[in-house]
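I have placed the structure first, in the form of structure tokens, so that the comments after it can refer back to it.
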Amino acid sequence: MDRHPWHCTAAHDSGDWQGRWRASRGLRVRRTLSPVSDPPRADGRYRAIVVGSGMAGLFAALEASALGPVLLVTKGELHEGSTRHAQGGIAAAIGPDDSTEQHLKDTIAAGAGLVDEAMARILVESAPRRIRDLERYGVSFDSEGASRAFGREGAHRNARVLHARGDRTGAAITTALAEQVESGRIVVREHTLATEVLLENGRTVGVRALDQGDGTACVFESDAVVLATGGAGAAFSHTTNPPVATGDGIALAFAAGAEVTDLEFYQFHPTAFRQPGAPPFLISEALRGEGAVLRNDGGEAFMSRYHELADLAPRDVVARAMVAEMRAAGSDHVWLDCTALDRVDPI
Ligand SMILES: Cc1cc2nc3c(=O)[nH]c(=O)nc-3n(C[C@H](O)[C@H](O)[C@H](O)COP(=O)(O)OP(=O)(O)OC[C@H]3O[C@@H](n4cnc5c(N)ncnc54)[C@H](O)[C@@H]3O)c2cc1C
1 MDRHPWHCTA
11 AHDSGDWQGR
21 WRASRGLRVR
31 RTLSPVSDPP
41 RADGRYRAIV
51 VGSGMAGLFA
61 ALEASALGPV
71 LLVTKGELHE
81 GSTRHAQGGI
91 AAAIGPDDST
101 EQHLKDTIAA
111 GAGLVDEAMA
121 RILVESAPRR
131 IRDLERYGVS
141 FDSEGASRAF
151 GREGAHRNAR
161 VLHARGDRTG
171 AAITTALAEQ
181 VESGRIVVRE
191 HTLATEVLLE
201 NGRTVGVRAL
211 DQGDGTACVF
221 ESDAVVLATG
231 GAGAAFSHTT
241 NPPVATGDGI
251 ALAFAAGAEV
261 TDLEFYQFHP
271 TAFRQPGAPP
281 FLISEALRGE
291 GAVLRNDGGE
301 AFMSRYHELA
311 DLAPRDVVAR
321 AMVAEMRAAG
331 SDHVWLDCTA
341 LDRVDPI
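Every letter in the sequence shown is one number past the one before it in this note's numbering, and letter 280, counting from 1, is 280.
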């Protein structure tokens, strides 16, 4: 590239246009967090650029920062993303009666014959290490007495779901990782939308982005770009995902020539609170883990007709069963009967 390796140029000449554009989106001026506001490497390049500030992006930025200067760009504020909404917790086979082999079996069984076993093995075998990494970064998982507390969720035959601050697991993780990022030497640019992965001779050389604070187009250079932009749930009419989940990373990678695969696989969390006129919010599976039961409009607890694990069947099974029950009854909802829960812990 013959440009300066890190630069922003006005995307549009009219300051009024930029102001109107910003106001129309309710945007604050972009914050650059961290005491370091320019790339510290002599050639102006970053060791790595991370796009996205959910759990994946924050974690990748922290790990990469051990190798050199890192830039993290995120299109909203640092805490935005699905991660902070995650409730139930993270599955890892670290309990006394658990094993990675059992976790693998459960994962494969939940995948209805479509699981890539090698990938599932990586997932279950690395989960305990990632939990330790999160603890190293300051995440404090809930405990019961001297040992960790494990919840049980759909498709898991063991209680192996670690949670933090009750059902505020995602928020606890986001807070801890974001604190580490903000106190480190990672350059963070909020309200900066990655629009293109830049290539030269087929290799990544950086990212083009739009500064949503002032409407300028920016180029950031690095030969390592991590796309950690989360999912695309917001593309669907019914979702519990936040509005930032628009699948940008898939589009960026595809436009840069990457092969994309398995786009037909989207997980719909079966239960969300339905209140006409209000956005739905997720009702954690942990409630069914604690004894809440799905009932159809006739009051029948129907899940045992669909799967041996009844209300704790894999999510796709539960979601399809709910749709079948609603269609059969000509209804647009089912009920989640929580009367078996004898108490609700205040969080
Ligand atoms: C309500 C809810 C509950 C959940 N509960 C659980 C649970 O209990 N257990 C579990 O394991 N999983 C749960 N999940 C799923 C889990 O939260 C996600 O799989 C995980 O958080 C994804 O993390 P991520 O870092 O990949 O993406 P995200 O956290 O979504 O972060 C994506 C980031 O990328 C940024 N971004 C996107 N596009 C761009 C762009 N073009 N330029 C710059 N930045 C961009 C976004 O602003 C955001 O910061 C839940 C999800 C939801 C929505």
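For each residue, glycine too, the CB sits at the ideal point set by N, CA and C. Just so you know, these numbers come straight off a predicted model, no measurement behind them.
Between residue i and residue j, how many whole angstroms is the CB-CB distance? I'm expecting something under 8 angstroms.
i, j, result
"V370", "A217", "Past the boundaries of the shown model lies residue 370; the chain is included only from 1 to 347, so the question cannot be answered."
"V73", "V225", "Wrong, their Cβ atoms sit about 10 angstroms apart, outside the cutoff."
"L356", "A245", "As shown, the chain starts at 1 and ends at 347. That puts residue 356 outside it, with no answer to give."
"Q102", "R157", "7 angstroms"
"L78", "E190", "6 angstroms"
"G291", "A251", "Not quite, the Cβ-Cβ distance comes to about 42 angstroms (not below 8 angstroms), so this is no contact."
"R136", "F150", "Not a contact, Cβ separation roughly 20 angstroms."
"H269", "T229", "At roughly 20 angstroms, the Cβ-Cβ gap does not stay under 8 angstroms, so H269 and T229 are not in contact."
"G44", "E221", "7 angstroms"
"L62", "Q180", "6 angstroms"
"V205", "L198", "5 angstroms"
"T100", "A93", "5 angstroms"
"D316", "V293", "At roughly 19 angstroms, the Cβ-Cβ gap does not stay under 8 angstroms, so D316 and V293 are not in contact."
"A178", "A127", "22 angstroms between Cβ atoms; not a contact."
Report yes if the C-beta of residue i is less than 8 angstroms from at least one heavy atom of ligand 1; otherwise report no.
i, result
"S147", "no"
"P242", "yes"
"M55", "yes"
"V73", "yes"
"D248", "yes"
"R84", "yes"
"L282", "yes"
"G215", "no"
"T175", "no"
"I90", "yes"
"L193", "yes"
"Q360", "It is not possible to answer for residue 360, since the shown part of the chain is limited to 1 through 347."
"H365", "Any answer about residue 365 is impossible in this case: the structure gives the chain only from 1 up to 347."
Leaving out the 5 sequence neighbours to the left and right, which residues in its chain are closer than 8 angstroms to residue i when beta-carbon positions are compared?
i, result
"A313", "G154, A155, M303, Y306, H307, A321"
"A172", "V139, S140, A164, R165"
So, at 7 angstroms on beta carbons, what are the nonlocal neighbours of residue i in its own chain, with the 5 sequence-adjacent residues on each side left out?
i, result
"N296", "F302, E325, A329, V334"
"G54", "G81, S82, T83, A228, G230"
"T175", "none"
Near residue i, which residues of its chain fall below 6 angstroms by C-beta distance, leaving aside the five closest residues on each side in sequence?
i, result
"M1", "In this predicted model, M1 has a pLDDT of only 41, less than 50, meaning its place in the structure is not dependable; the value taken from the coordinates is given anyway. None."
"G76", "V244"
"F265", "none"
"E285", "G88, E153, G154"
"L282", "T240, H269, A272"
"D98", "N158, R160"
"R22", "In this predicted model, R22 has a pLDDT of only 41, less than 50, meaning its place in the structure is not dependable enough to derive any value."
Going by DSSP, name the residue or residues bridged to residue i.
i, result
"D133", "For D133, which the question treats as bridged, DSSP gives no partner whatsoever."
"E144", "S147"
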